[in-house]
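Student:
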Amino acid sequence: MKRRKFLGAAGSSVAVACYSQWLHAQTNGVLIVDVLPFSGPLAGIGRLSDMGAKIALSERQQRAGSLQVERMVLDSEGNPARAVRKVIEAMEQRKAVLFTGEVISAAALSISKEVAKVGGVYITAVGADEVTGADCSTSTFRYSVPTFGAIEQTVRPLAKAMPQAKRWYTITPQVVFGEGMLANAKRVFQELGIEHVGNTYHSLQDREFSGFLTNASAARPDVLLLLNYAGQLQACIRQAANFGLKGRVTLLAAWTTGLYEYHALGADLMEGVYTGAQYWHTLDTPGNRNFVKQSAVMFKETPDHSMALAYSCTRLLLDGIERAKGADPAAIIRSLEGYKYEGVTGEEEVRAFDHQVMKAYYLLKGKSKSQMKDKDDFVDVVSGGKSFVDEKSSLCKRQ
Amino acid sequence: MTVYLFQALNGVGLGMIYFLIAAGLSIVFGLLHFVNFAHGAFYMLGAYFCLQALRMGLDFWTALWLVPLVVGGLALLLERVLVRRTYRMAHMYQILITLGLGLVIQEICIIVWGTEALNVSPPESLSSVVFFGDFGYPSYRLFVISLATMLTFVLWLALEKTRLGALLRAGSQSVEMVALLGVNVSVLFAFAFAFSAGLAAVGGVLAAPLRGAEPFMAQEALSIAFVAVVIGGMGRYSGALVASILIGLTQSLMSSLWPMGANLMIFAAAAAILVFRPNGLMGRV
Amino acid sequence: MNHILNGPVTRVALCSGLALVLLPLVTGSASMSIEIVVFATAVLGANLLLGFTGLMSFAQGAFFGVGAYVAGLLRVEVDAGMLAVIVASGLAGAVASAVVGWISIRRQGIYFVMLTLAFAQLFYFLAYAFPGITGGENGLQGVSRPSLALGPFEIAPVTSNTGYYIFAASLFLILSMAVARVIHSPFGQVLLAIRENERRASATGYDVRVFKIIAFAIAGALAGIAGALQAMFVGLASISNVEILMSQEILMMSIIGGANSLAGALVGSGFVVAVSSVLSTWWPRWLLLLGLILMVVVLYFPGGLVGAARSLVARLKSGRPAPSSKGGLR
Chain A
1 MKRRKFLGAA GSSVAVACYS QWLHAQTNGV LIVDVLPFSG PLAGIGRLSD
51 MGAKIALSER QQRAGSLQVE RMVLDSEGNP ARAVRKVIEA MEQRKAVLFT
101 GEVISAAALS ISKEVAKVGG VYITAVGADE VTGADCSTST FRYSVPTFGA
151 IEQTVRPLAK AMPQAKRWYT ITPQVVFGEG MLANAKRVFQ ELGIEHVGNT
201 YHSLQDREFS GFLTNASAAR PDVLLLLNYA GQLQACIRQA ANFGLKGRVT
251 LLAAWTTGLY EYHALGADLM EGVYTGAQYW HTLDTPGNRN FVKQSAVMFK
301 ETPDHSMALA YSCTRLLLDG IERAKGADPA AIIRSLEGYK YEGVTGEEEV
351 RAFDHQVMKA YYLLKGKSKS QMKDKDDFVD VVSGGKSFVD EKSSLCKRQ
Chain B
1001 MTVYLFQALN GVGLGMIYFL IAAGLSIVFG LLHFVNFAHG AFYMLGAYFC
1051 LQALRMGLDF WTALWLVPLV VGGLALLLER VLVRRTYRMA HMYQILITLG
1101 LGLVIQEICI IVWGTEALNV SPPESLSSVV FFGDFGYPSY RLFVISLATM
1151 LTFVLWLALE KTRLGALLRA GSQSVEMVAL LGVNVSVLFA FAFAFSAGLA
1201 AVGGVLAAPL RGAEPFMAQE ALSIAFVAVV IGGMGRYSGA LVASILIGLT
1251 QSLMSSLWPM GANLMIFAAA AAILVFRPNG LMGRV
Chain C
2001 MNHILNGPVT RVALCSGLAL VLLPLVTGSA SMSIEIVVFA TAVLGANLLL
2051 GFTGLMSFAQ GAFFGVGAYV AGLLRVEVDA GMLAVIVASG LAGAVASAVV
2101 GWISIRRQGI YFVMLTLAFA QLFYFLAYAF PGITGGENGL QGVSRPSLAL
2151 GPFEIAPVTS NTGYYIFAAS LFLILSMAVA RVIHSPFGQV LLAIRENERR
2201 ASATGYDVRV FKIIAFAIAG ALAGIAGALQ AMFVGLASIS NVEILMSQEI
2251 LMMSIIGGAN SLAGALVGSG FVVAVSSVLS TWWPRWLLLL GLILMVVVLY
2301 FPGGLVGAAR SLVARLKSGR PAPSSKGGLR
């Protein structure tokens, strides 16, 4: 009996699986598709991004101008090939042409190409430079600041604030992104006359950084520049603190993923640590004040980095649809090129030649626990600004 | 020079934690001939339960003995309900079942604690840094090394000098003999399984302040543990110890010389040993 | 001629052919069907190794990845034609697999499995170590589909999803028939003998090692071709192809479908892909259910879904409890 039941369940689940696809046949108004990781190691970011996108929709009552908007969500499962397959499927099943999302650069780059093939629109906030660099395309827009800006807006201001700190050591993940960060860092070091006393590469699998940190410590740097991110960055900071490096060396983490990292590490660990960030919830701009309020109302949460990025991407797409008065991708692209608006970081503009959104990147400094006004008040925003590769030096050669 | 000394110290510390995980795996494979691909999950549960205990107001020292007991109890339950059905199965199927089990436990941890890595602070008394000249070494890590060493010694004593230990060792040679001696083999198996889980959990509790608790730490721990057991020799606890320390040392020292190479070397070494010395460096199976 | 028409190869051809025609209709999606067929090709190899030769290899994912990278490189650098790409990825997969097999089979049981695991990890690190070739964490981007043409005549418009599905499905059909031919040959008989009792097979005078290595090579070729198909489908040779997770997924599909049956490849792949696709829209924690399903299948349905279906059919036919679904040729 057990076997038959199981077989029946197996068979019917497959059938249901497929028929439920057919149920989605209707399109209400304009369809936008959001690709996010809801399972797998990046699920946390997926959940937060989803919340940000929902805020963008709800503040306009699910409309772009007079048009009703339907948002479909695809689980990329943290697997680029699967994400692309689902995107292809959405294009085939629902004739989708408007896409946002993704967290993994490999997936975003591929989705960018697929969307370009159908002449659609894709707005993303992933980290790879290639999105608006060597692999830029007419269909793709990028909201996040690339490595150039991340380094410019962290290393320069910190170097200026600490003119006596002449010895810098870098820890770099040995991946394409890490190399990009390092190349930019070296360039700025040279311009500012900073002595680059050493660099350590590590792989993406490393969890134990004590060896690398001991190495770094041996070179007696003034500043330890961490070019890694996510779980590895957290391990680095935690272990740097454990090994007593925090008091003797200034830590700068150039690429962080925001509030939830601070919660994971805690105020004690982050005190005195400088970080670079795409966003912080205390930014005093009309766009951000509104966003924070919406977040409190809808989710009772302080918005973090992933929420803000997803919110901005979705908002940009909705603005595009509204301005183009329709879902025609070519019209949306035209309407977005050169578009200036009030975003969460203040005035933001979509640059026409590479579709990069010009927004600020910030340098943050961790506060001590006693200075925190509330449970999320981890940092002082030291500085912020916009730095982007100019058209001449850009690797983006479109049109 | 001090740098290398420190790297070596780190390596030993790391190795000791790996050993706690590998020891359990070694016992289970040696005695039960059971391949447990969910062993890393006990390590992970150790870390998560430690986090939870601290959140519930208990202190680290209580967690250090309470959590392994809880995890051991859980393992006992699992053994009764699921694992004992698989003893007679081919290793392949044991691997597949425990693979599924590992997935289930991982997802349950995500449901309860979320996907992000969570921080666990070391106890106040061990939050200081001991300075040797210019280099600081966390007192917590020194504690980990000492405790793990002590545990290893206690384990060795238990295995060599107690009747239970003798039974475990005899059992990994021949279960039939042990049964003929009048020992209730199924109770022995259950105990061994629970004990190995408890050991891994101790590793998890100790590792939590070092790495935090995150749902994918099980996979990472499992790979290293298997490599340690393979290099050291299945069923050979001293071999697992030597191998774990070697792995820890390799990881630490290579990070100065060739960071990318560390993991590569470890797996290549494991492959080489599997091929040329299948009984491991010190195994005799 | 008669023998061929009535033989098991024809049976496989007809059953698979029917399933492949129905698949896109049942799933309603050409792209999902393509993914199912792609994985089924890799699982075919896993079944050959696991179900028929008794070897559980954790390295199938690595060869899948190798095939994807080879296909990607050939397309991006040399704009190679479809035939060249498929043949090259198959060859690459076969060679890599043969090497891994040659070393791994020196040990048995759990040690053998560990060796394949170690090699899978090695491939993963190698992929990261040569970003110039593999694209590192970004993967190999921009893999386009070559047209399937003989001179000026286009055989199938593979740029459309339906066209690509027809191509992939036909390729899978041909490969299934080839594997069926291999299974139902003296070579296949030896593989089964090895699975049942290796020492006896060896005592009968067969060089067991050679047979195992050939089985590895065939499985590797299948995985490599599957990887190439995927790379050309999504336009990307992703580094996650060489992760252990990929090998685990292939093994899961193999077991759930039924490792000792060729039909199990399509069934297992179809089941896992379809169900995970749907589950992921309802509950982000669908991996938990997949883990449970795996455990249930191993405990109660050692022959997988196909095995269970067969015993059900047998029981219904004879009204008596069905014979064991393990063993024997399928």
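Protein chains in written order, with this note's numbering: chain A, 1 to 399; chain B, 1001 to 1285; chain C, 2001 to 2330.
Even glycine gets a Cβ: it sits at the ideal position worked out from N, Cα and C.
1) Is the beta carbon of T140(A) less than 9 Å from the beta carbon of Y122(A)?
2) Starting from the N-terminal side, write out each stretch of the alpha helix (DSSP H) that is 4 residues or longer and does not extend beyond the stretch 236-292 of chain A.
3) Between L1066(B) and A1148(B), is the Cβ-Cβ spacing less than 9 Å?
4) According to the Cβ coordinates, are L2175(C) and L2222(C) closer than 9 Å?
5) Three or more C-beta pairs closer than 8 Å, one from the stretch 2078-2089 of chain C and one from the stretch 2223-2243 of chain C: is that the case here?
6) In whole angstroms, what separates the C-alpha of W1156(B) from that of L2115(C)?
7) Using a Cβ cut-off of 7 Å, pull out every chain B residue sitting near Q2348(C), in sequence order please.
8) Can you give me, in chain order, the residues of the stretch 251-269 of chain A that have a beta carbon less than 9 Å from any beta carbon in chain B?
9) Please report the straight-line C-alpha distance between V197(A) and Y2111(C), rounded to a whole angstrom.
10) Contact between the stretch 1185-1197 of chain B and the stretch 1067-1075 of chain B is defined here as three or more beta-carbon pairs at a separation below 8 Å; is this criterion met?
11) Name the residues in the stretch 2110-2131 of chain C whose C-beta lies less than 7 Å from a C-beta of chain B; which are they?
12) Of the residues G258(A), V175(A), V126(A), L252(A), which one's Cα is nearest the Cα of E152(A)?
13) Excluding the five sequence neighbours on either side, which residues of its own chain have a C-beta within less than 8 Å of the C-beta of A1179(B), listed in chain order?
14) If the criterion is Cβ atoms closer than 9 Å, does the pair Q239(A) and F209(A) meet it?
15) Using DSSP with H/G/I as helix, E/B as strand and the rest coil, what is R63(A)?
16) Counting only beta-carbon separations shorter than 9 Å, does M2177(C) have a partner in chain A?
17) Between which two residues does the beta strand (DSSP E) containing G2257(C) stretch?
18) Rounded C-beta distance between V389(A) and Q278(A)? I'm assuming under 8 Å.
19) Excluding five sequence neighbours on each side, which residues of the same chain lie with their C-beta closer than 6 Å to the C-beta of G2072(C)?
20) Closer than 7 Å by beta-carbon distance: list the chain B residues that pair up with E208(A), in chain order.
21) Helix, strand or coil for Q1251(B) per DSSP?
22) Mind checking which residues open and close the beta strand (DSSP E) that includes I32(A)?
23) Which same chain residues, not among the five before or five after D1059(B), have their C-beta less than 7 Å away from its C-beta?
24) Tell me F1135(B)'s beta-bridge partners as DSSP assigns them.
25) Grouping DSSP H, G and I as helix and E and B as strand, with all else coil, what is H202(A)?
26) Check the C-beta distance from G2067(C) over to G2268(C) and give it rounded, since I have them as a contact under 8 Å.
27) Determine the direct distance from the alpha carbon of A2013(C) to that of L2266(C), and round the result to whole angstroms.
28) For E1214(B), which residues in chain A fall below 8 Å Cβ to Cβ?
29) Looking only at C-alpha atoms, which of G1013(B), H1039(B), T1086(B), Y1048(B) sits nearest to Y2336(C)?
30) Just verifying my parser: in three-state terms, what is the DSSP assignment at Q2121(C)?
31) Any Cβ of chain C within less than 9 Å of the Cβ of Y1093(B)?
32) Are the CB atoms of L1159(B) and Y1043(B) nearer to each other than 9 Å?
33) Taking the alpha-carbon positions, what's the A2062(C) to F2123(C) distance?
34) Would you kindly check if the distance between the Cβ of A1207(B) and the Cβ of L1051(B) is under 9 Å?
35) Go through its chain and collect everything with a Cβ distance to G180(A)'s Cβ below 6 Å, but skip five positions before and after it.
36) Cutting at 6 Å between CB atoms, please list the residues of its own chain near A25(A), excluding the five before and the five after it.
Tutor: Taking the structure as given:
1) yes
2) 245-248, 259-265, 267-270
3) no
4) yes
5) yes
6) 29 Å
7) No answer is possible for residue 2348(C): the residues shown for chain C start at 2001 and end at 2330.
8) Y260, E261, H263, A264, L265, G266, D268, L269
9) 45 Å
10) yes
11) I2110, Y2111, V2113, M2114, L2115, A2118, F2119, Q2121, L2122, F2125, A2129
12) L252(A)
13) V1185
14) yes
15) strand
16) no
17) Where G2257(C) is concerned, there is no enclosing beta strand (DSSP E), although the alpha helix (DSSP H) it sits in stretches over 2244-2257.
18) The Cβ separation is near 17 Å, so there is no contact.
19) L2140, V2143, A2231, A2237
20) L1014, Q1251
21) helix
22) 30-36
23) P1123
24) F1132(B)
25) strand
26) Not confirmed; about 19 Å, so no contact.
27) 13 Å
28) G231
29) Here chain C covers residues 2001 to 2330 and nothing more, so residue 2336(C) does not appear.
30) helix
31) yes
32) no
33) 6 Å
34) no
35) D129, T147
36) Any answer about A25(A) is weak, because its pLDDT of 48 lies below 50 and its placement is not dependable; what the coordinates show is given next. Nothing listed; no residue qualifies.
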